[in-house]
Amino acid sequence: MEQAIITRELTKEFGDFTAVDHLSFEVGQGEIFGFLGANGAGKTTAMRMLCGLLLPSSGEATVAGFDIFKQRELVKRHIGYMSQRFSLYEDLTIRENIRFYGGIYGINRSLIRSKMDALIHELNLEPMANKLVRDLPLGWKQRLAFSIAQLHDPRIVFLDEPTGGVDPITRRRFWEMIYESAARGVTMFVTTHYMDEAEYCNRVSIMVDGRIRELDTPANLKKKHRAANMNEVFLQLARDISTSN
Amino acid sequence: MADTILLNNISKNYGEIIALNQISLQVGKGELFGLIGPDGAGKSTLFRILTTLLLADSGQALVEGLDVVKDYRKIRRIMGYMPGRFSLYQDLTVRENLEFFAAVFGTTISEQYPLIREIYEQIEPFNGRRAGKLSGGMKQKLALCCALIHNPVVLFLDEPTTGVDAVSRQEFWEMLMRLKGRGITILVSTPYMDEAVLCQRVALIQHGKILSVDTPEGIIQAYRKPIWKLVSGESYQLLKYLRSLQITDTCYPFGDSLHLTLKQGFQDKQALMELLGEHFRDGYQLEEMKPGIEDCFMELMEKEG
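Chains as they are written, first to last, in this note's numbering: chain A, 2 to 246; chain B, 62 to 366.
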């Protein structure tokens, strides 16, 4: 099967600091992949490279079939991205946000229009469609942001702490949307600080000091570390390193 | 026991948005009290009112018997506050920030060293680094030191662990436990439900209303329904199937398992197992479980609608 992400010895140095240190891993098409690590482990730097936003120092990688060194514009066009911090324009309406992002992704007008109607219908947003995004409850905003990130039918979506601060019911609804998209074959690349969410992933990687320390299914990781849950696995690995420093 | 914090029918609206709706609460002296709720629940508004930075529309709030409106100057001298957003001077160094806050309160680092030592020692090697260049966990430690530098009797910590990794979160809570041991009253908010059990008492808060106030154990005991835990290799299919059943009340994923409650009158484990057996021949485990705070919060949310 075609892989959504392939990296070989991917490295990023800032001066004499190696933020991402020879990363080699693959993520399958339609996989829900949890990308975990402590603050400062190099997750954000790695993710920015994979999204075509930052040029790596060395190594090689393809995302959605495009080279992240030579085809960064194509990478950007073929991925979706959503984060808790930045997703939608608060002072635009729901319709305006959809139209705006549709334009950014170069979708033609008639297609934007039909996608807009479908999306608004699917999310039951008809009564709110002309309201400012600012006035939407947080949970709706997130679902909208998630859908907009897939407006251009990307093969892979990067979700950067998508559920931070959300109530527990909304957080779970959001994960159901992740499952549905993955079932349609879209790869979900997710970062989170909620370790129970790590359990929802098909596989997770745990980054420590710029390297991937572990990469496996949650079940195998728990077995290997004799842990009751992913939180324990994470604490073992991350604490191990922080005390050896 | 004397109350360090007393809230009596506090309400606050922002235009049409109701941020706080008749909140009443008491926090005892030396208590480690948690405000547990998602973004937008009203936690930060409550902190701003208690720290004398925002006026409530109605109701009364006292800190150590002092009124937040009339006695705001006195309250500011005895409280430490760590806002949700990092609010130290990014272009000052670690040491300069600490010296600045000490000077504002007419004290010095050396005078307060015993109180902040345990936390400060962890960031002291970075004394010369600008606050803006610190990692998330370090910023948090510096902010806590600055909030403690004038030896406050009460600490207000607004989401100190949000966006912080699991290791730093655990370390932070260990620090709070030690501060509690020194008799400091701590009001701390968090969106992480698992942190609730680390508090003596908690208020679960949603849409500006308190859903429940109790000890974590008390909140769990108030959950009356039987709740079942299911583990299977195919959680998502099982979830969808269970949701489609008439007898299912709620079904939610929790880590590697599902938590299930049934409608009244359907609490027969045998019947449920038979029903599941037809569809899921592969091994699954079904057992009755003790609910967690998150189960309780979700149940209370659903009751509120």
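Note that beta-carbon positions come from the ideal geometry of N, C-alpha and C, so glycine has one too.
Values in this document were obtained by computation on a predicted structure and should not be read as measured data.
- Bounds of the beta strand (DSSP E) holding H23(A) are F18 to G29.
- Distances from the CA of G316(B) to each of P169(A), H79(A) and D210(A) were compared; the closest alpha carbon is that of P169(A).
- Residue burial is scored here from C-beta neighbours: H340(B) has fewer than 16 other C-beta atoms within 10 angstroms and is therefore classed as exposed.
- Bounds of the beta strand (DSSP E) holding V88(B) are I78 to G89.
- Minimum Cα-Cα distance from D275(B) among the listed residues C206(B), K290(B) and L259(B) corresponds to L259(B).
- With a cutoff of 8 Å on beta-carbon distance, G145(B) and D219(B) are scored as near each other.
- Within the segment 130 to 208 of chain B, complete alpha helix (DSSP H) segments of at least 4 residues are found at 133 to 139, 155 to 165 and 170 to 184, given in chain order.
- Contacts with chain A (Cβ-Cβ distance below 7 Å) from the segment 313 to 326 of chain B involve Y313, P314, F315, G316 and D317, listed in chain order.
- Along the segment 250 to 276 of chain B, the positions whose C-beta sits under 9 Å from a C-beta of chain A are P252, Y253, M254, D255 and Q267, read in chain order.
- Nearest C-alpha to E233(A) among D226(B), R304(B), G353(B) and S72(B): D226(B).
- Excluding residues up to 5 positions away in sequence, I308 lie with their Cβ nearer than 6 Å to the Cβ of F327(B) in the same chain.
- Within 10 angstroms of the beta-carbon of A119(A) lie fewer than 16 other beta-carbons, which makes it exposed.
- Look at the beta carbons and you see the segment 145 to 156 of chain A touching the segment 67 to 87 of chain A: at least three pairs across the two are nearer than 8 Å.
- Residue range L93 to I97 is occupied by the beta strand (DSSP E) that includes G95(B).
- Assignment of beta-bridge partners to P221(B) by DSSP yields no partner.
- Inside the segment 72 to 103 of chain A, DSSP marks whole beta strand (DSSP E) runs of 3 or more residues at positions 80 to 84, from first to last along the chain.
- Around the beta-carbon of N131(A), fewer than 16 other beta-carbon atoms lie within 10 Å, marking it exposed.
- A Cβ of chain A is located within less than 8 Å of the beta carbon of Y297(B).
- When the five nearest sequence neighbours on each side are left out, the beta carbons in the same chain lying within less than 7 Å of the beta carbon of M129(A) are those of I95 and L137, in order along the chain.
- Here the alpha carbons of T311(B) and L303(B) stand approximately 9 Å from one another.
- CA-to-CA, the gap between Q151(A) and Q143(A) works out to about 13 Å.
- Within chain B, no residue has its beta carbon less than 9 Å from that of I207(A); the closest one is some 11 Å off.
- Contact with chain A is found for P99(B), since one of that chain's Cβ atoms lies less than 8 Å from the residue's Cβ.
- Secondary structure of V214(B) (DSSP, three-state): coil.
- Taking 8 Å as the cut-off, the Cβ atoms of I110(B) and I71(B) count as close.
- Of all residues in the segment 169 to 201 of chain B, those with a C-beta nearer than 8 Å to a C-beta of chain A are S196, G197 and G198, reading in chain order.
- By a beta-carbon distance limit of 8 Å, L86(B) contacts L68(B). Their separation comes to about 4 Å.
- By the beta-carbon neighbour count (other beta carbons within 10 angstroms, threshold 16), T169(B) is exposed.
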